[in-house]
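**Student:**
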Amino acid sequence: MDQPLVSVRDLKIGARTDSGREVEIIKGVSFDIAPGEIVALIGESGSGKTTIALSLMGHARPGCAIQGGSIRVGRRDVTAMPERQRAAMRGTEVSYVPQSAAAAFNPAKRIMDQVVEITAIHQLMPREQAEAKARQLFRALALPDPDTIGSRYPHQVSGGQLQRLSAAMALIGDPALVIFDEPTTALDVTTQIEVLRAFKSVMDKGAMAGVYVSHDLAVVAQIADRIIVLKNGVVQEEGPTEQILHAPKHPYTRQLLDAFEPVPHVPAARPDAAEPILAVQDLCAGYGVIRDGVPAAKILQDVSFRLERGRNLGVIGESGSGKSTLARAIAGILPAYRGNLLLDGKELAPALQQRSKDELRRVQIVFQLADTALNPAQSIETILARPLTFYHGMTGAARNARVIELLDMVRLPGHLRHRLPSELSGGQKQRVNLARALAAEPELILCDEITSALDTVVAAAILDLLKELQRELNLSYMFISHDLSTVEAICDEVLVMLKGRVVEALPAARMSTEAAHPYSRLLIGSIPQLDTGWLKGLEQDPALMAQFAGR
Amino acid sequence: MLRSATTWILVGQRLGIALITLLIVSFAVFFATELLPGDVAEVLLGQAATPEAVAGLRTAMGLDEPAIWRFLSWLGGLATGDLGMSYVNKMAVADLLSGRLMNTLRLAGIVTLVCVPVALTLGIAAAMWRGSWLDRLVSVLTISVISVPEFMVATLAVLVFAVWLDWLPALSFGVNVNSIGDMLRAYAMPVISLSFVVSAQMIRMTRAAVIETINTPYVEMALLKGASRTRMVLRHALPNALGPIANAVALSLSYLVGGVIIVETVFNYPGVAKLMVDAVSTRDLPLIQSCAMIFCISYLLLITLADMIAILSNPRLRR
Amino acid sequence: MSLALRLPTPARLGYSFNWVGRIGLAVILFWAVIAIIGPWIAPYPPGDMVDFDYFGPMSSEFWMGSDYLGRDILSRIIMGTRYTVGIALAAVMLACAGGVLLGMIAAVVGGWFDTLLSRFLDAFNGIPHLLFGLVVVAAVGSSIPILIVTLAAMYLPGSYRFARALAVNVNTMDFVTVARARGEGFGHIILREIFPNILGPVLADLGLRFVFIVLVLSGLSFLGLGVQPPNADWGALVRENIEGLSLGAPAVIFPSIAIASLTISVNMFIDNLPTRIRDRSE
C-alpha cells in the first residue's frame, strides 16, 4: 500500500455521563485508509462506530472529547489542529453524509442553497458554476427533475431523495474522503436499493475514499472494499470484504454472520383442532373523525386471514403498509369499524372495552420498542406482577415465585426483578416485555416488530426464545416485521401488505420462490444478501420500482 | 414567502380563540366585581344609607335588573366607548382614562424601544458563546432580576440612582416638568425599572430559543461542512429561531402589564395602573372594570400576537 | 454484581447536586426552619414598639434596625416568614394538586372534555396574574384564606397546561397502551402508569411556581392588598417602610433581601437539579 490517506493510531475518545462519570468509549483504535478505498465500520449500537467516523473530521459530539492517539488525514494531524483549521478541512477534504438527511437539512432554506454551501464557505468556485456542478451530481445520483429539485424546500421531497441530496451536498467540494453515517438505516428496503445504487455509482466513478458506517453486513458487502468490525470501542477484526464474509477469524464476526442465517423454521404438525385460534374477515380500520361509521383516514381495508392454533403468521410490509394497525385492530386498541374477528371460533368485540377479561387475557400484544413498552418508574417485579394480579388474582409469595418463574422462562436471572427497566440492556428489556405477555398465559401473542430495534445477534437470540416458548406453551404468534428473513425464520404463513391491503398470502417456505404479486417480488428482491455481487447482479423492473418505491 | 391555506386557517382559529377568551375574560371581570361585593348602593351611601335612599339609588343605577342584562349592556357600552360613570369622582370613566392611558402607553412604548434591541443582542450573543463568561454573567443577572419582585427592582433603582448617586429624583411626577432634561429625568426611573424586568425575561427566552435551534442536527451539519461558529449561528440557527424569538419578544412584553402596575405605584406615575390601584382602594367598580379590561385586552393582544408569529414562522407550513 | 444492597439512594437515581444547588437547598431549608420555630426565636414581640427611634440603624440591640414605628425588624421578618412561606406553599400545593390531577384526566380522557377544559383554563390564563389579584381583592377584600385560594386559582391553569403536556406524552407510550390493552381501569392508568413518570418535572415545576407565587404575593402586599396590618409578610414590610427608602433605612432593605434570598435560592436549586429530572420536562 502506498502512503495511506488516513491513518488513525491508538485513538481514545472519552465521554462524560449524566452523573459526571468519565467513561472511555473508544479504547485505542488504529486503522488506515488508502486513497480511493472504501472502508466499512461495522458494529452494533454502542460500538463507537459513529464516534470514530466523526473524529476523522476533528468533531466530537457535545460531552465527548478526543483524549489520546493521533488521526492523520492527508499530511496533517487532525488531533493537533486548532478549530479554525479543522473547519477549513471539513467539506473540502473530508465530508459527511448523515444518518437522517431529513433532520440534517435546514427546513428554512432551499435545497440548492444548502447543497452548494460548501463551495461558498470555502470559496471554491462561483455560484453559477457550483449550481451547474450540483445539477450534474443530482443526475449522477439519479434524482428526478435534476434541474429544478434544488429550488424546493427539504420537506417537499421524499426521504430517499433527501438522502441522495445529502450525498450531493457532501460531494460538491470534491473531498478526498466521504463519511457515510448509516445513510440507509432509516429507509425502507425498496428505497434503500436506489440510494445504495446511487452512492455506489458516484463512488465508483470518483477516486474518493469512503468510510461507511453501518450495522448491516449485507449493505456494507455491496459497497466496501474492506471491513473493520468493532465492539465496545475496540477493533475485533479487520480484513477485505470477501475474507470477512467468507472466512471470518474472530468469533464475534462469526456470531454476526451466523445471525444472518437463522435456523430455518420447522413448521409444527398440522393441528387437529377444528377452529383456528384467530380468524379475521374483511377487517377495516382507520383513524380520525368518524363520519357515517367510516373514519377519515382509512388504513386497513378488507383484510382476511386465518391463523391455526400452534402455528405462526408473518405480516410483512414497508412503513405505512398498515401492518401495525392490523395488530392494534386485533388487540382492540384501535377498534375496527367493519369486519369480524373470531377468537377460537367465538366473535370478538371490536373495542377492547367491550371484551371480557378472559378474552383480553388470551390475546396479548408485544411492542417493538422495549424502552417505551416498560414503565420506567416501575421495577421489573412490579411490571410482571401486575398481570398476575389482574388476570389470575395472585398475591404474596405465590406471585413472587411466579415472577421468578417467568423471568426464568425468558432466560433471565431472577434477581433482575429488583431492577428498573433503565438498568437493563436492550435484549433484556425485550425479554421482560415478552415475559409480561406470558404472565397472562395467553394463547395468541401479537408481536409488533419486536426484533427490529435490536442488534442482529440479540434479535436472533430472541427469535430462538420465541420458538422454544412456542414448543413449551403451545402458543401462536402473529409476527409483524418489515424484514422478510426474520419472518421466514419463525412463521408458517406470510401475508404481504401494501397500503392497507393484503396483496399476497403464501406459506413462508415458498415465499421467496413462488411469490407472484409484483410488489412481493420487489420486496423480496430488495433484501440485501451477504454477497458482494448482489447489488450489481440485481435486476429490477424500473417501471415497477417507480410504481411502488417512488416515494 | 408564500403560505399555505392551513396556515391561514390556523391563524383564523387563533383569532377566534382570542375573541372567545376576551368574552370569557370580560365575563369574569364583570361578575367578579359586580356580583361578589355587598350592596353597592349601600357602600356608596355609607352613613346616609336609609332603606329608601338605597332603594332609590339601586333603581337609578339599574342594579335591580338581572345580572345577565346588565352584563350585556355593560359589554355594549364597552364596545361603543361608553365606560360608565365613576362612583367616586362622578366623572365619565372614559374621560378619566384618556389622558392616563396615553401616559401608560408612552411609558410602555419607551420601555419597548429600549428593551428589544438590548435584549436581542444580549440573548443571541449569550447563546452564540454559550458557556463563556458573557453567557454566565448574563444568566446570573437575568435570573436575579426574574427572581425578585418588580417593586424590589424599582426600589433598588431608587436606592442606587436617587439615594446613593443622587442623579435622579426619587419620585418622578412630584417635580415640575419644564424642559426636555426634566422630562428625561422624570421618565428615567420608571423606564429603567421596567426595562430591567422586561428585558430579563426577553433575554432568557431569546437565549433559549437560539440554543434550541443550535442543538438541531442541521446546525451540526453546517459545522461539519466547515462553517465557522458565527456563520453557523447567523445563517443556519437564526433564520429558524426568528419565529421563536419574535414569540419570546411578544411574550416578555406581556410582563409589562404586571410590571407597570407596580412601577407606576412606586413612582407615583399618573398612568392607568396607578388609577386602577387607587380605584381598588376606593372600590370604584366601573373604573376598576374598565382598567382591568384595558390590561386584559393588551395582554391578550400580546400573547395572541406571540402565538400567530409562532404559526407564521413555521417553515413546514410554507408552500 | 451484588443485588442485596441496591437501595434507592438519591445517588443511585442520579440525584446528585452540585454546590450551587446545595447552597440553594440550604437557604430553602433555613427559611423553612425559621417559619416553623419563628415565635420561639424572635428577640422581641413583633407588634411591640421597642425602639424610641423610628427607622433606627442596625445595632447590637436591634440587629436589623427598627421600622417606621420603632418595631424590631428582625422579629417582624421572622414572623413574616410564616405568612410569606406559608401562604405561598399552601397556594402552590393547591394549584399543582388541582392542575396535575385535571391535566392527567384531560390527557387520558381526551376528546371534547380535554378541548373544553383546556380552552377554558387558557382563557382564564388570559388575565394577567397581578390584575386578577387586584380585581378579587377589590371585590371581596383580603384575608389569608382568600389570598391562598386566589393565588392558587391564578397558577392552576399553568400547572394544568404543564402536567397535561407531560401526561399526553406519557399517554402515547407503549406501556400505557399495554396497560389499556390488558383492560386496566382509568384510575390505574392515571395513578400507576402516568403519575410516577411525570412526578420529577412536576416537582421542578412546583418549585418555579412557588417562586412566582411568592413574587405575586409580595407584589399584592406591596400594593397594600395582601396580608393586612398589624400582621405583615415580607412584601408588606417593604410597603410599610417604603418612606425610609430615601434614608437608606435597613427596614426596607432587609425584608427585600429576605424575599430575594428565598426566590433566588429556589431558582438556583431548580436550575441545578440533575438533568435526568429536568430533561423529561421538555
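Protein chains in written order, with this note's numbering: chain A, 37 to 587; chain B, 1142 to 1460; chain C, 3 to 284.
Yeah, the Cβ is synthetic: ideal placement off N, Cα and C, and Gly gets one too.
How many angstroms separate the CA atom of Lys145(A) from the CA atom of His1377(B)?
**Tutor:** The residue you call residue 145(A) lines up with position 109 of the first sequence. The residue you call residue 1377(B) lines up with position 236 of the second sequence. Computed Cα separation, rounded: 9 Å.
**Student:** So, helix, strand or coil for Gln317(A), using DSSP?
**Tutor:** Here residue 317(A) is taken as the residue at index 281 of the first sequence, counted from 1. Correct three-state label for Gln317(A): strand.
**Student:** Return the chain-ordered list of same chain residues with a C-beta closer than 6 Å to the C-beta of Val1418(B), the five sequence neighbours on each side being excluded.
**Tutor:** Sequence index remark: in the second sequence, residue 1418(B) carries index 277 (1-based). Closer than 6 Å at the Cβ level, and outside the excluded window around Val1418(B), lie Thr1406.
**Student:** Terminal residues of the continuous alpha helix (DSSP H) containing Leu153(C)?
**Tutor:** For the purposes of this step, residue 153(C) is taken as the residue at position 151 of the third sequence. Note, Leu153(C): alpha helix (DSSP H), 146 to 173.
**Student:** I'd like the ranges of any alpha helix (DSSP H) spanning at least 4 consecutive residues and lying wholly in the region 172 to 251 of chain A.
**Tutor:** Here the runs fully enclosed are 195 to 207, 225 to 241.
**Student:** Is it the case that the Cβ atoms of Ile369(A) and Leu349(A) are separated by a distance below 8 Å?
**Tutor:** In the first sequence, counting from the first residue as 1, residue 369(A) sits at position 333. In the first sequence, counting from the first residue as 1, residue 349(A) sits at position 313. Not closer than 8 Å, so no.
**Student:** Check whether the region 517 to 524 of chain A touches the region 541 to 560 of chain A, taking contact to mean three or more Cβ pairs, one atom from each stretch, closer than 8 Å.
**Tutor:** Yes, the region 517 to 524 of chain A touches the region 541 to 560 of chain A.
**Student:** Could you tell me how far apart the beta carbons of Glu230(A) and Thr568(A) are, in whole angstroms, since I believe they sit closer than 8 Å?
**Tutor:** In the first sequence, counting from the first residue as 1, residue 230(A) sits at position 194. In the first sequence, counting from the first residue as 1, residue 568(A) sits at position 532. Rounded, the Cβ-Cβ distance is 19 Å, inconsistent with contact.
**Student:** Take the Cβ of Gly429(A) as the centre, count every other Cβ of all protein chains shown within 10 Å, and call the residue buried at 16 or more, exposed below.
**Tutor:** The sequence position of residue 429(A) within the first sequence is 393, counting from 1. Under this definition Gly429(A) is an exposed residue.
**Student:** Could you give the distance in angstroms between the alpha-carbon of Ser194(A) and the alpha-carbon of Thr227(A)?
**Tutor:** The residue given as residue 194(A) occupies position 158 in the first sequence. The residue given as residue 227(A) occupies position 191 in the first sequence. Near 10 Å, if we compare the C-alpha coordinates of Thr227(A) and Ser194(A).
**Student:** Chain C partners of Ala1169(B), CB-CB under 9 Å?
**Tutor:** Within the second sequence, residue 1169(B) is the residue found at index 28, counting from 1. Going along chain C in sequence order, the residues near Ala1169(B) (Cβ under 9 Å) are Ala125, Phe126, Ile129, Phe134, Val137.
**Student:** Measuring alpha carbon to alpha carbon, tell me which residue in Gln317(A), Ile62(A), Arg364(A) is nearest Ile335(A).
**Tutor:** Counting from one through the first sequence, the residue named residue 335(A) turns up at place 299. Checking every option, the nearest Cα to that of Ile335(A) belongs to Arg364(A).
**Student:** Counting only Cβ-Cβ distances shorter than 9 Å, please list the residues of the region 1341 to 1365 of chain B near chain A, keeping chain order.
**Tutor:** Listed by position along the chain: Asn1356, Thr1357, Pro1358, Tyr1359, Val1360, Glu1361, Met1362, Ala1363, Leu1364, Leu1365.
**Student:** Going straight from the alpha carbon of Ile1386(B) to that of Ile69(A), what length do you get?
**Tutor:** Here residue 1386(B) refers to the residue found at position 245 when the second sequence is read from its first residue. Here residue 69(A) refers to the residue found at position 33 when the first sequence is read from its first residue. Cα to Cα, the separation comes out at about 45 Å.
**Student:** Is Val42(A) helix, strand or coil by DSSP?
**Tutor:** On the first sequence, residue 42(A) is found 6 positions in, with the first residue counted as 1. Strand at Val42(A).
**Student:** Throw me the rounded Cβ distance for the Ile146(C) and Ala169(C) pair, which I believe falls under 8 Å.
**Tutor:** Sequence index remark: in the third sequence, residue 146(C) carries index 144 (1-based). Sequence index remark: in the third sequence, residue 169(C) carries index 167 (1-based). With a Cβ gap of about 32 Å, Ile146(C) and Ala169(C) do not count as contacting.
**Student:** Arg1277(B) touches chain A at which residues, Cβ-Cβ below 9 Å?
**Tutor:** Position 136 of the second sequence, counted from the first residue, corresponds to residue 1277(B). Per Cβ cutoff of 9 Å: no residues; Arg1277(B) is ~17 Å from chain A at best.
**Student:** Step through the CB atoms of chain C and report whether any lies within less than 8 Å of the CB of Met1373(B).
**Tutor:** In the second sequence, residue 1373(B) corresponds to position 232, counting from 1. No, Met1373(B) lies away from the interface with chain C (no Cβ there is under 8 Å from its Cβ).
**Student:** Taking the alpha-carbon positions, what's the Gly1157(B) to Leu1441(B) distance?
**Tutor:** Your numbering for residue 1157(B) matches position 16 in the second sequence. Your numbering for residue 1441(B) matches position 300 in the second sequence. Their backbone Cα atoms lie some 12 Å apart in a straight line.
**Student:** Do we get a CB-CB distance below 8 Å when we pair Ala20(C) with the residues of chain B?
**Tutor:** As a working note, residue 20(C) is residue 18 in the third sequence. The identity of residue 20(C) in the sequence shown is Asn, whereas the question assumes Ala. For Asn20(C), the answer is no, since every Cβ of chain B falls outside 8 Å of its Cβ.
**Student:** Here's a check: name, in chain order, each residue in its chain whose Cβ is nearer than 7 Å to the Cβ of Lys48(A), leaving out the five neighbours to either side.
**Tutor:** Translated into positions along the first sequence, residue 48(A) becomes position 12. Same-chain partners within the cutoff: Glu60, Ile62, Lys63, Gly64, Gln103, Gly104, Gly105.
**Student:** Please state whether the Cβ-Cβ distance between Ala140(A) and Ser81(A) is less than 8 Å.
**Tutor:** By 1-based counting over the first sequence, the position of residue 140(A) is 104. By 1-based counting over the first sequence, the position of residue 81(A) is 45. Going by C-beta atoms, Ala140(A) is not nearer than 8 Å to Ser81(A).
**Student:** Which of helix, strand or coil does DSSP assign to Glu524(A)?
**Tutor:** What you label residue 524(A) is simply residue 488 of the first sequence in a count that begins at 1. If DSSP states are grouped into helix, strand and coil, Glu524(A) belongs with the helices.
**Student:** Provide the residue span of the alpha helix (DSSP H) that contains Lys403(A), from first to last.
**Tutor:** For the purposes of this step, residue 403(A) is taken as residue 367 along the first sequence, with counting starting at 1. Strictly speaking, residue 403(A) in this sequence is Phe, with Lys absent from that position. Element bounds for Phe403(A): n/a, residue is neither H nor E.
**Student:** Just confirm the distance between the C-beta atoms of Ser1334(B) and Ala1295(B), as a whole number of angstroms; I'd bet it's less than 8 Å.
**Tutor:** The count along the second sequence starts at 1 and reaches residue 1334(B) at position 193. The count along the second sequence starts at 1 and reaches residue 1295(B) at position 154. The pair is a contact, with the Cβ atoms about 4 Å apart (cut-off 8 Å).
**Student:** With DSSP as the reference, label Ile1444(B) as helix, strand or coil.
**Tutor:** For this step, residue 1444(B) is matched to residue 303 along the second sequence. DSSP places Ile1444(B) in helix when its eight states are reduced to three.
**Student:** Whole-angstrom Cβ separation of Ala125(C) and Ile1161(B), contact assumed at under 8 Å?
**Tutor:** Position 123 of the third sequence, counting from 1, holds the residue named residue 125(C). Position 20 of the second sequence, counting from 1, holds the residue named residue 1161(B). Their Cβ separation, rounded to whole angstroms, is 7 Å, which keeps Ala125(C) and Ile1161(B) in contact under 8 Å.
**Student:** Would you call Thr11(C) buried or exposed, if buried means 16 or more other Cβ atoms sit within 10 Å of its Cβ?
**Tutor:** The count along the third sequence starts at 1 and reaches residue 11(C) at position 9. Because the pLDDT at Thr11(C) is just 39, under 50, the model does not fix this residue reliably, and the value given afterwards should be weighed accordingly. By the 10 Å Cβ count, Thr11(C) comes out exposed.
**Student:** If you run the structure through DSSP and keep just helix, strand and coil, what is Lys1231(B)?
**Tutor:** Mapped onto the second sequence, residue 1231(B) falls at position 90. Three-state DSSP puts Lys1231(B) in coil, outside helix and strand.
**Student:** Can you tell me whether DSSP reads Phe515(A) as helix, strand or coil?
**Tutor:** Here residue 515(A) refers to the residue found at position 479 of the first sequence. Three-state result, Phe515(A): strand.
**Student:** When the distance is taken between beta carbons, is Leu505(A) closer than 8 Å to Leu499(A)?
**Tutor:** Locating residue 499(A) in the first sequence gives position 463, counting from the first residue. Locating residue 505(A) in the first sequence gives position 469, counting from the first residue. Going by C-beta atoms, Leu499(A) is not nearer than 8 Å to Leu505(A).
**Student:** With DSSP collapsed to three states, give me the class of Ser267(C).
**Tutor:** Taking the third sequence and counting its residues from 1, the one referred to as residue 267(C) is at position 265. In this structure, Ser267(C) counts as helix in the three-state DSSP scheme.
**Student:** Keeping to the same chain, check which residues put their C-beta closer than 6 Å to that of Leu106(C); ignore five residues upstream and five downstream.
**Tutor:** The residue you call residue 106(C) lines up with position 104 of the third sequence. Correcting the residue identity first, residue 106(C) is Met in this sequence and not Leu. Hits under 6 Å: Ala169, Ile192, Ile196.
**Student:** Is Glu311(A) near Asp380(A), with beta carbons less than 8 Å apart?
**Tutor:** Translated into positions along the first sequence, residue 311(A) becomes position 275. Translated into positions along the first sequence, residue 380(A) becomes position 344. For Glu311(A) and Asp380(A), yes; Cβs fall inside 8 Å.
**Student:** Is there a Cβ of chain A sitting closer than 8 Å to that of Arg8(C), yes or no?
**Tutor:** Residue 8(C) sits at position 6 when you count from the first residue of the third sequence. Reliability of the predicted coordinates at Arg8(C) is poor, the pLDDT of 40 falling under 50, and no value is obtained from them.
**Student:** Go to Val271(A), then tell me how far its beta strand (DSSP E) extends in each direction, as first and last residue.
**Tutor:** Sequence index remark: in the first sequence, residue 271(A) carries index 235 (1-based). Looking at the DSSP string, the run of the beta strand (DSSP E) that includes Val271(A) is 270 to 276.
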